[in-house]
Amino acid sequence: MSLLDQPPRQVGALTRLRRPGRAGAAAGRPGGRPRPVRELLLIIVLFAAYKLGRLLADGRVSEAFDNAHRVLRLERVLGLPGEAGVQHGLLHSQFLVHAANSYYAYVHFPAAVLFLLWIYLRRPAHYRWVRRVLVALTAAALVLHLLVPLAPPRMLPAAGLVDTAARYGPSVYGAPQTDTIANQYAAMPSLHIGWAAVIALGLVVTSRTRWRWMWLLHPVATIAVVVGTANHYWLDGIVVLALLTVTVLLLRPPPADAPAGRHG
Numbered sequence: 000m001s002l003l004d005q006p007p008r009q010v011g012a013l014t015r016l017r018r019p020g021r022a023g024a025a026a027g028r029p030g031g032r033p034r035p036v037r038e039l040l041l042i043i044v045l046f047a048a049y050k051l052g053r054l055l056a057d058g059r060v061s062e063a064f065d066n067a068h069r070v071l072r073l074e075r076v077l078g079l080p081g082e083a084g085v086q087h088g089l090l091h092s093q094f095l096v097h098a099a100n101s102y103y104a105y106v107h108f109p110a111a112v113l114f115l116l117w118i119y120l121r122r123p124a125h126y127r128w129v130r131r132v133l134v135a136l137t138a139a140a141l142v143l144h145l146l147v148p149l150a151p152p153r154m155l156p157a158a159g160l161v162d163t164a165a166r167y168g169p170s171v172y173g174a175p176q177t178d179t180i181a182n183q184y185a186a187m188p189s190l191h192i193g194w195a196a197v198i199a200l201g202l203v204v205t206s207r208t209r210w211r212w213m214w215l216l217h218p219v220a221t222i223a224v225v226v227g228t229a230n231h232y233w234l235d236g237i238v239v240l241a242l243l244t245v246t247v248l249l250l251r252p253p254p255a256d257a258p259a260g261r262h263g
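Residue numbers for the sequence shown follow numbering that gives the first Met the number 0, so the first one is 0 and each next one is one higher.
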């Protein structure tokens, strides 16, 4: 048998991975999927910087409570509804209040991680944009945490609210004086709402199904939860959504015809 008559040799999996193909070309274009190890290290560094920044804002307790009274007065001037109305709706049902506490405690960070992982794997053309929006929003929020320490309504008797997590559980916070993990006087703005809005925005932008608008229920539920559990004021959500709007206007998403990876 001559060389011309021989069947073509099967290309092994390792050889295919090493050859620059469509996936490799897509990864090299702007908006392509970045290297996973480098991206993981970047996220870890950014998260550590964020946690350190929040802790640096700790210790300004008197200022945080003064700001809390100012926020309550401003909400009344603006005609915003009282946070107590949402909480009273939760307190009618032990199941609802426990579900709200669990949503606050267990959904926020895992949802963000799963969202970033999904968009990294399935929508690489949009991943860098989503990451930049999330980082920019979090950085802006951290600046406000440093400039405007704010006690949450659960700590303020004038708000007429109870700490539902401490009373009914589960709770992720200890005593504010001894809490070395989180700065509990960093209520302004609410990153629970901000991150939930980024998740919904990313999924709406990158999806094609008619049901994609249902993802907006996540930030809506988050707003109800953080207000109803007395962890945030209405203004905390309004401010973070305003910051997100400015961020998205400055960091535009990739064009609709950008390579979006494998759909499914």
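Backbone N, C-alpha and C fix where the C-beta goes; we use that ideal spot for every residue, glycine too.
Pair within 7 Å by beta-carbon distance, residue i and residue j
| i | j | result |
| --- | --- | --- |
| residue 173 | residue 239 | no |
| residue 186 | residue 149 | yes |
| residue 70 | residue 242 | no |
| residue 132 | residue 244 | no |
| residue 198 | residue 114 | yes |
| residue 96 | residue 167 | yes |
| residue 207 | residue 123 | no |
| residue 230 | residue 109 | no |
7 Å CB neighbourhood of residue i in its chain, flanking five on each side removed
| i | result |
| --- | --- |
| residue 45 | 134 |
| residue 188 | 140, 143, 235, 238, 239, 242 |
| residue 157 | 68, 71 |
| residue 18 | Unreliable placement is indicated for residue 18, whose pLDDT of 37 sits below 50; the coordinate value is still reported in the next sentence. None. |
| residue 90 | 96 |
Minimum C-alpha distance to residue i - residue among the options
| i | options | result |
| --- | --- | --- |
| residue 111 | 122, 125, 95, 129 | 129 |
| residue 34 | 137, 145, 120 | 120 |
| residue 214 | 60, 195, 39 | 195 |
| residue 98 | 81, 197, 163 | 163 |
| residue 153 | 63, 43, 38, 42 | 63 |
| residue 51 | 76, 89, 116, 137 | 137 |
| residue 221 | 191, 209, 73 | 191 |
| residue 250 | 127, 155, 212 | 127 |
| residue 60 | 232, 47, 182 | 182 |
| residue 100 | 155, 74, 161 | 161 |
| residue 38 | 116, 81, 92 | 116 |
| residue 219 | 102, 73, 40 | 102 |
| residue 184 | 36, 48, 40, 66 | 66 |
Limits of the unbroken alpha helix (DSSP H) element including residue i
| i | result |
| --- | --- |
| residue 202 | 190 to 205 |
| residue 231 | Unbroken run through residue 231: none, as it is neither H nor E. |
| residue 84 | 82 to 90 |
| residue 172 | That residue, residue 172, is in no alpha helix (DSSP H); it is neither H nor E in DSSP. |
| residue 126 | 123 to 146 |
| residue 163 | 163 to 167 |
| residue 149 | Per DSSP, residue 149 belongs to no alpha helix (DSSP H) and is neither H nor E. |
| residue 106 | Premise fails: residue 106 is in no alpha helix (DSSP H) and is neither H nor E. |
| residue 66 | 60 to 77 |
Cβ-based neighbour list, residue i, same chain, cut-off 8 Å, excluding 5 preceding and 5 following
| i | result |
| --- | --- |
| residue 104 | 164, 169, 170, 171 |
| residue 23 | Reliability fails at residue 23, whose pLDDT of 40 lies under 50, so the model's placement of it is uncertain and the value that follows must be treated cautiously. Closer than 8 Å at the Cβ level, and outside the excluded window around residue 23, lies no residue. |
| residue 212 | 203 |
| residue 21 | With a pLDDT of 41 at residue 21, under the threshold of 50, the modelled position of that residue is not reliable, and the figure given next carries that caveat. Cβ neighbours of residue 21 beyond the five flanking positions: none. |
Taking contact to mean at least 3 C-beta pairs separated by less than 8 Å, is the segment 85 to 101 in contact with the segment 223 to 240? Touching, yes, given that three or more Cβ pairs across the two stretches are closer than 8 Å.
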